[in-house]
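Numbering (the numbering used here), first residue to last: 39 to 215. The structure appears right after this line, and notes come after that.
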């Protein structure tokens with residue numbers, strides 16, 4: 039009687055492969071989780087920067103002062119609207135936590151929540167005489183190891199050229215603040 043060769047893999051080989059894949063994935067999960075949380079920082083930063091650029095572009099396009107307002111007490115969205123009529127007919131409204139529910143923002147000067155752009159795209163005084171936003175720091179406290187956080191900063195100079203930068207990067211790097 040002759041034996042025929044069997045092709046394929048055995049159950050033991052499958053179990054060993056699954057165990058190895060499981061171990062490798064378990065080792066990578068903390069890094070993956072940190073990457074997801076850092077992605078939320080980037081998403082929040084780019085969304086805020088997009089809103090600021092929209093406000094500036096609309097001010098130039100419409101030849102009228104337009105303001106960008108971060109969420110204030112009792113609201114959950116940022117908005118772009120006309121300086122002369124900030125409470126009705128917003129040009130754009132976005133949920134502040136869209137795509138980044140764990141991101142937190144800190145503004146400078148402290149307590150500032152609005153910046154107004156003139157028809158020339160420059161930062162001007164707010165209608166309510168509150169201080170204009172000059173800087174927005176975006177962080178994610180869900181990342182346990184502070185050194186792993188990739189915090190970002192949006193800078194709003196008086197000239198209106200909005201910039202996204204990384205406060206941890208050394209001077210001389212184009213990404214540096």
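Idealized CB from N, CA, C, for every residue including glycine.
Looking at the secondary structure, which residues open and close the alpha helix (DSSP H) in which residue i lies?
{"i": "residue 207", "result": "Segment: none, residue 207 is in no alpha helix (DSSP H) and carries neither H nor E."}
{"i": "residue 132", "result": "No alpha helix (DSSP H) contains residue 132, which is instead part of the beta strand (DSSP E) from 130-133."}
Is the beta carbon of residue j closer than 8 Å to that of residue i?
{"i": "residue 173", "j": "residue 194", "result": "yes"}
{"i": "residue 152", "j": "residue 170", "result": "yes"}
{"i": "residue 165", "j": "residue 154", "result": "yes"}
{"i": "residue 93", "j": "residue 104", "result": "yes"}
{"i": "residue 176", "j": "residue 141", "result": "yes"}
{"i": "residue 119", "j": "residue 128", "result": "yes"}
{"i": "residue 89", "j": "residue 116", "result": "yes"}
Identify which residue in the options has its Cα closest to the Cα of residue i.
{"i": "residue 192", "options": "147, 165 and 210", "result": "147"}
{"i": "residue 49", "options": "42, 57 and 43", "result": "57"}
{"i": "residue 132", "options": "123, 106, 122 and 120", "result": "106"}
{"i": "residue 188", "options": "196, 211, 45 and 205", "result": "205"}
{"i": "residue 80", "options": "190, 116, 70 and 89", "result": "190"}
{"i": "residue 185", "options": "65, 54, 69 and 60", "result": "69"}
{"i": "residue 91", "options": "123, 65, 130 and 62", "result": "130"}
{"i": "residue 202", "options": "53, 208 and 212", "result": "212"}
{"i": "residue 197", "options": "207, 42, 67 and 163", "result": "163"}
List the endpoints of the continuous beta strand (DSSP E) containing residue i.
{"i": "residue 194", "result": "Counting along the chain, residue 194 falls outside any beta strand (DSSP E), and DSSP gives it neither H nor E."}
{"i": "residue 213", "result": "Where residue 213 is concerned, there is no enclosing beta strand (DSSP E), given that its DSSP letter is neither H nor E."}
{"i": "residue 114", "result": "Element bounds for residue 114: n/a, residue is neither H nor E."}
{"i": "residue 152", "result": "152-155"}
{"i": "residue 142", "result": "142-146"}
Taking 8 Å as the cut-off, does the segment 75-86 touch the segment 136-143 (at least 3 CB pairs, one atom from each stretch)?
yes
Sufficient close CB pairs (3 or more, under 8 Å) joining the segment 92-104 to the segment 151-161
yes
Is there contact here, the segment 168-185 with the segment 64-78, by at least three beta-carbon pairs under 8 Å?
yes
Along the chain, which unbroken stretches of the alpha helix (DSSP H) at least 4 residues long are found entirely within the segment 43-105?
49-100
Taking the runs of the beta strand (DSSP E) that are 3 residues or longer, which of them lie wholly in the segment 160-190?
173-177
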